[in-house]
Amino acid sequence: MERVSTLPFPAAVYAARLARAASLAAEAGLDAIIVGPGPDLQYLVGVEGDTIERLTALVLGPGVTPTVVVPRMELAKVRTTAVGELGLAIADWVDGEDPYALVTATVGTASRVGVSDALPALHVIPIGERLGVRLELATPVLREGRMIKDAEEITELRRAADAIDAVHRRVHEWLRAGRTERQVAADIAEAIVAEGHRTVEFVIVGSGPNGADPHHEVSDRVIENGDVVVVDIGGAVPSGYNSDSTRTYAVGAPDPAAAERIAVLVRAQQAAVDAVRPGITAAEVDAAARSVLAEAGLGEAFLHRTGHGIGVSVHEEPYIAPGNDLVLREGMAFSIEPGIYFAGEWGARVEDIVVVTADGGERLNVAPHELTSVI
């Protein structure tokens, strides 16, 4: 039977990622790295899913033949990914057999071994005991590979941004007084899929005082005329790459004082976007937004970092935050999302995904940024 590939990118892209990971491991002094299911495994070979009690892991490194340890019941699915396309070595097992022995045999006599941060202690502890070494986090190695997006990845992030922009342009269809946040969120979730996503990752509808909680999700609060409403939404497109965009809406005529403050927020977001370029630090981009808010007396209302990286995870490196001296490089992709929050009253946030280009930053989201009134 002919194997059907589920890969969003050519197999050569995954081969290059594996080679890069092995090279970075060598630079870090690691003899091998063990990658469990999660974003890193998805990025490296296209295998998606979460690990539970049955171990699935990719073992690679300098001088190590890339090998996937996988339960036999998952083997057919794994072969539709880059594991099959590239003909990677497979060590399959069934219940009653010892998967950790397969990992040990692949790693060999390595003295420094890293593990991905998604691999749970359920597996990390027995692997470490079998190898007889102190396992290290391979996060810095894996993070470095994922932080710089290639052209194919940027295309997928642009596709995701277009899809979520289409949803924001339709929010006026559902957001109105008399409906609950939960009802509005249900309509938005349907639209996220209808507009081109395969999954809904999150829907935040924070109306009135609920908008003052940056991580409010939804509730049964009935939306009222005059409410300021934060709508933060995202999902994964078929390739597995994510969207994430926030806009702030007013139900009916907005309070003039709130509208004035939100206009400052929009300027702060623009200042951060304008600051993006290769060579600047993540902290400097954060400061660009923060300074605009501080000058307007709104600095204390900004409760979180300015942004986070995005790709096969909604949140990943780089983090646009105070104190982060990471130097931005072409191909990095992250959110710019300053917010202002007034406990018991309302909150507002404006968020776009931005990609670092050769001479600046490209904003992928283009839905209107200003406070939008819906009736």
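Under UniProt numbering, think of the first position of the sequence shown as 1, with each following residue one higher. Note that beta-carbon positions come from the ideal geometry of N, C-alpha and C, so glycine has one too. Here the structure is a predicted model, which means the values were calculated and not measured.
Item	Value
Sequence ranges, alpha helix (DSSP H) only - wholly within the segment 280-366, length at least 4	282-295
Rounded straight-line distance, which links the Cα of Glu74 to that of Gln183	38 angstroms
CB of Thr56 within 9 angstroms of CB of Pro66, strictly	no
Validate contact between the segment 143-153 and the segment 222-233 using beta carbons, cut 8 angstroms, 3 pairs	no
Spatially closest choice to residue 461 from Pro37, Val171, Gly178, by CA coordinates	An answer regarding residue 461 cannot be provided, because it is not within the stretch 1 to 375 covered by the chain.
Simplified DSSP state of Ala89, which is helix, strand or coil	strand
Whole beta strand (DSSP E) elements within the segment 97-172, 3-residue minimum	113-115
Ala19, buried or exposed, once every other Cβ within 10 Å from all chains shown has been counted against 16	exposed
Element boundaries [alpha helix (DSSP H), containing Leu44]	39-45
Proximity winner among Pro10, Pro214, Asn365, Leu60, relative to Thr106 (alpha-carbon distances)	Leu60
Arg277 versus Thr306: straight-line alpha-carbon distance, rounded	16 angstroms
Beta bridge counterpart(s) of Asn242 as assigned by DSSP	Ala236
Test item: CB-CB of Ala191 and Ile204 under 9 angstroms	no
Beta-carbon separation (whole angstroms), Ala26 vs Pro140, contact threshold 8 angstroms	The Cβ separation is near 13 angstroms, so there is no contact.
Burial state of Asn365, where buried means 16 or more other Cβ atoms lie within 10 Å	buried
Sub-9 angstroms separation of residue 376 and Gly46 beta-carbons	The displayed coordinates of the chain run from 1 to 375. Any statement about residue 376 would go beyond what the structure contains.
Cβ-Cβ distance between Val251 and Ser373 below 9 angstroms	yes
Own chain partners of Tyr43 with C-beta closer than 6 angstroms, once the 5 adjacent residues on each side are dropped	Arg146, Val312
Host beta strand (DSSP E) of Val193 (start-end)	Note, Val193: premise wrong, no beta strand (DSSP E); alpha helix (DSSP H) at 181-194.
Separation of Glu351 from Gly226, as counted between CA atoms	22 angstroms
Sub-9 angstroms separation of Gly309 and Ser335 beta-carbons	yes
CB of Ser245 within 9 angstroms of CB of Ala367, strictly	yes
Residues sharing a beta bridge with Tyr249, DSSP	Val229, Thr372
Residues sharing a beta bridge with Pro71, DSSP	Trp93
CB-CB length for Leu24 against Thr81, believed under 8 angstroms	Not quite, the Cβ-Cβ distance comes to about 21 angstroms (not below 8 angstroms), so this is no contact.
Inter-residue Cα distance where the pair is Ile125 and Thr109	18 angstroms
Buried or exposed (CB count within 10 angstroms, at least 16 for buried), Glu316	buried
Exposure label - Val218; buried when at least 16 CB within 10 Å	buried
Counterpart residues of Phe9 in DSSP-defined beta bridges	Bridge partners of Phe9: none, in fact.
Assigned secondary structure, Met1 (DSSP; H/G/I helix, E/B strand, else coil)	Residue placement at Met1 cannot be trusted, given a pLDDT of 40 that sits under 50; the coordinates are not used to answer.
Residue(s) in a DSSP beta bridge with Val59	Ile34, Thr67
Under 9 angstroms between C-beta atoms of Gly196 and Val237	yes
Counted within 10 angstroms of its Cβ, other Cβ atoms place Ile127 as buried (16 or more) or exposed	buried
Best match in Ile353, Ile375, Leu371, Gly361 for proximity to Asp162 [C-alpha to C-alpha]	Ile353
Proximity below 9 angstroms, CB of Leu131 to CB of Gly114	no
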